[in-house]
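**Student:** Quick note: the sequence shown uses UniProt numbering, first residue 1, plus one each step. In this text, a Cβ means the ideal position worked out from N, Cα and C, and glycines have one as well. What you are looking at is a predicted structure, and each value in this text was computed from that prediction instead of being measured. Below: one structure in structure tokens.
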Amino acid sequence: MSQELATVAPQRTPIVAGGQVNAIVPATFEDVQRLSAAIFASGLVPYGMDRPEKVMVALMTGLELGIKPMQALQGIAVINGAPRIWGDLSLAMVRASGELEEFEERYEGKPPTNWADPKGDERLYTAICRVKRAGEKAKEEEFSIADAITAKLWGKSGSKGPTPWVTSPKRMLKMRARAFALRDTFADILKGMAIAEEMIGHEDETAEARPAKARRAPPSPPPVEAKAANEPVQPQTEHIEEAEVTEVATDAASAVAQTELTEDERQTPDEILVELKEKLGFAKTADQVEEFYDDFDAESLLEQTEDGVDRARALKAETLTRIGKPATETTPATAKPADPFDLPDIESPADYIAWIEGAAAKVVDTDTAKRMSEAWNSSKALRREIEIDAAAERKLKAEITSLIARFAPPSEKANAAGKADTPLAASVDVDAQPTSAEQYVAQRVAMAERAKTYDEARDLKRRFLHESKLREDLGVKQALYEEAKKAVHGRVDALRPADA
């Protein structure tokens with residue numbers, strides 16, 4: 001009797017396209033340790049995270065905020081050992097919460113022609129961020145160049161080089177205003193965390209503030225428990241299992257991971273190139289051009305555009321041409337500039353003193369005295385950076401003040417000496433509301449002459465900087481404006497103490 005054998009084809013699970021990929025979310029402290037060690041050993045960690053413990057802090061902070069690990073690694077910055085929310089992560093979290101009804105960012109005022117040294121009304125150039133939370137009134141926060149100057153952020157450099165307040169000042173104004181608006185309105189969603197952009201410029205370790213390009217770190221050996229001398233050590237392998245999303249990874253976290261910038265928030269190629277041009281404008285050497293260009297990473301931002309990369313490279317070439325040096329050439333710190341009042345490369349207090357004394361020797365008339373004054377005032381930040389001795393600084397200032405006074409007009413000498421009010425100043429009612437341009441200017445000149453201390457003069461200067469709307473309403477012309485400005489700013493300079 002024949003017997004037929006039935007052949008059964010093996011069943012195969014079909015491949016499903018378009019399925020959701022879940023992130024690996026650690027559920028225990030040991031899981032976080034293993035994941036942190038694995039990420040650090042890979043070398044694909046942001047600059048500044050030079051130990052597995054820093055990676056672990058970023059991951060744990062992200063879990064508390066409801067952020068998945070790899071997103072937390074790019075959106076949490078470790079600044080001076082403390083975790084901060086970085087970049088667009090704060091906006092992404094707020095959008096993902098569903099509480100944000102309106103969001104608008106804009107600039108108001110006249111942008112500076114020279115970002116390194118804004119003048120007059122240019123200091124009122126302001127970034128504004130408007131937000132509205134569901135069920136609440138809309139709020140606006142702003143941050144101006146004058147605010148940045150008051151906070152001693154504008155043009156600030158640290159031991160590791162220029163901060164973003166030097167290389168990307170326009171964007172920093174926007175990020176400051178955004179940080180204030182989001183933290184004040186959505187403190188519960190951000191868990192009270194500080195935003196990194198608020199810290200940049202307030203401490204020296206700005207290099208850790210930006211999760212920059214990934215760098216390779218040497219892999220750390222896996223921990224091996226102590227064994228008996230005669231017992232061979234077996235290689236250990238560990239696997240981090242894919243965990244289910246627990247309560248620390250909420251629905252909001254999933255939404256954050258999928259949140260993208262809208263078309264209105266995404267920078268256009270022209271905006272990117274304008275920002276790149278502003279940044280390159282601060283470069284003084286060919287090496288700085290290369291450094292700023294690489295740090296901005298414009299080619300990655302523009303690689304999907306038709307001619308963006310070529311335009312970015314053209315801007316770089318134009319800047320190098322303006323500087324007139326090959327990228328490999330550097331200027332020695334002791335090199336003497338063609339113009340004695342131009343700031344050379346300074347590396348030590350001795351270099352600075354030699355430059356100031358050399359420039360002072362060239363003061364022979366009113367014009368060179370003015371240039372000497374400008375050179376001294378513009379190098380204040382440098383004196384702080386190189387930590388020049390206070391006694392040496394006071395001695396230099398006394399010599400320069402005496403030298404400049406020899407060539408100053410009589411009216412300015414009287415101002416500098418802090419003499420009593422003139423009859424004109426004493427007769428002006430500075431408390432009355434001005435009704436004409438002439439009255440406004442007379443009041444400000446009188447206020448300047450009556451200021452007896454540096455703090456009084458500085459407060460008047462701040463008030464003057466914020467009166468552009470009043471001057472516009474009164475029809476103050478440029479000549480009158482310059483007269484008032486000279487009186488106010490001159491009084492501040494005349495009363496400025498040696499250590500200010």
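Less than 8 Å between the C-beta atoms of I388 and P349, yes or no?
**Tutor:** yes
**Student:** The beta strand (DSSP E) spanning A127 covers which residue range?
**Tutor:** Under the DSSP assignment, A127 falls in the beta strand (DSSP E) whose first and last residues are T126 to R133.
**Student:** Among residues of its own chain, excluding the 5 on either side of K110, which ones have a beta-carbon nearer than 8 Å to its beta-carbon?
**Tutor:** D121, E122, L124 and Y125
**Student:** What span of residues does the alpha helix (DSSP H) with L89 cover, start to end?
**Tutor:** L89 to S97
**Student:** Could you spell out where the alpha helix (DSSP H) holding E102 opens and where it closes?
**Tutor:** Taken as a continuous stretch (DSSP letters only), E102 belongs to no alpha helix (DSSP H), being part of the beta strand (DSSP E) at L100 to E108.
**Student:** Curious, which full-length beta strand (DSSP E) runs of at least 3 residues does the region 448 to 476 contain?
**Tutor:** none
**Student:** On the DSSP bridge assignment, give the partners of F186 in chain order.
**Tutor:** Its beta-bridge partners do not exist; DSSP assigns none.
**Student:** Buried or exposed: where does T435 fall if 16 or more other Cβ atoms within 10 Å of its Cβ makes it buried?
**Tutor:** exposed
**Student:** DSSP three-state label for A494, please.
**Tutor:** helix
**Student:** Ignore the nearest five residues each way along the sequence and tell me which others in V57's own chain have a CB closer than 6 Å to its CB.
**Tutor:** P83
**Student:** Measuring alpha carbon to alpha carbon, tell me which of R384, G358, D431 and I386 ends up nearest I400.
**Tutor:** For I400, the nearest C-alpha among the options comes from G358.
**Student:** In whole angstroms, what is the alpha-carbon distance linking D431 and F341?
**Tutor:** 42 Å
**Student:** From D297, S373, Q304 and Y293, pick the residue whose C-alpha is nearest to that of K316; which is it?
**Tutor:** Considering only alpha carbons, the answer is Y293.
**Student:** Would you kindly report the start and end of the unbroken alpha helix (DSSP H) that includes A369?
**Tutor:** T366 to S378
**Student:** For P349, which three-state DSSP category applies?
**Tutor:** helix
**Student:** Quick check: K279 and F296, are their CB atoms within less than 8 Å of each other?
**Tutor:** yes
**Student:** Smallest Cα separation from K380: which of S402, V309, L343 and G281?
**Tutor:** Residue L343 is the option with its Cα nearest to K380.
**Student:** Run through the DSSP bridge pairs and tell me what P162 is partnered with.
**Tutor:** According to DSSP, which records beta bridges pairwise, P162 is partnered with S157.
**Student:** Per DSSP, K139 forms a beta bridge with which residues?
**Tutor:** V131
**Student:** Decide yes or no for the touch test of the region 31 to 44 against the region 55 to 70: beta carbon pairs closer than 8 Å, at least 3 of them.
**Tutor:** Here the region 31 to 44 lies against the region 55 to 70, with 3 or more beta-carbon pairs under 8 Å apart.
**Student:** List the endpoints of the continuous alpha helix (DSSP H) containing V57.
**Tutor:** P52 to L65
**Student:** Can you give me the C-alpha to C-alpha distance between residue 502 and E136, rounded to a whole angstrom?
**Tutor:** Because the chain here runs from 1 to 500, residue 502 falls outside it and cannot be looked at.
**Student:** Are there three or more Cβ pairs, one per stretch, closer than 8 Å when the region 484 to 496 is compared with the region 446 to 465?
**Tutor:** Look at the beta carbons and you see the region 484 to 496 touching the region 446 to 465: at least three pairs across the two are nearer than 8 Å.
**Student:** Hey, residue 502 and A177: beta-carbon distance below 8 Å or not?
**Tutor:** The question about residue 502 has no answer here: the residues shown for the chain are numbered 1 through 500.
**Student:** By a C-beta neighbour count over all protein chains shown, 10 Å radius and 16 as the cutoff for buried, is A448 buried or exposed?
**Tutor:** buried
**Student:** Going by DSSP, what residue range makes up the alpha helix (DSSP H) through V32?
**Tutor:** F29 to S42
**Student:** Can you check whether the CB of A392 is closer than 8 Å to the CB of I346?
**Tutor:** no
**Student:** Counting pairs of Cβ atoms below 8 Å between the region 477 to 489 and the region 435 to 446, do you hit three or more?
**Tutor:** yes
**Student:** In angstroms, rounded to a whole number, what distance separates the CA positions of D88 and K174?
**Tutor:** 12 Å
**Student:** Expressed to the nearest angstrom, what Euclidean distance is found between the alpha-carbon atoms of E303 and K370?
**Tutor:** So the two alpha carbons sit approximately 48 Å from each other.
**Student:** Give the DSSP bridge partners of V25, in chain order.
**Tutor:** Answer is none; V25 lacks a bridge partner.
**Student:** My guess is that V131 and I189 are in contact by the Cβ rule of under 8 Å, so how many angstroms apart are they, rounded?
**Tutor:** Not confirmed; about 12 Å, so no contact.
**Student:** Could you please give me the residues that DSSP links to A82 through a beta bridge?
**Tutor:** I79
**Student:** Does DSSP classify K402 as helix, strand or coil?
**Tutor:** Position check: residue 402 holds Ser in this sequence, whereas Lys was assumed. Helix.
**Student:** Evaluate P497 with the Cβ neighbour count: other Cβ atoms within 10 Å of its Cβ, from every protein chain shown; 16 or more gives buried, anything less gives exposed.
**Tutor:** exposed
**Student:** Run the CB neighbour count on R394, radius 10 Å, all protein chains shown included, and call it buried at 16 or more, exposed below.
**Tutor:** exposed
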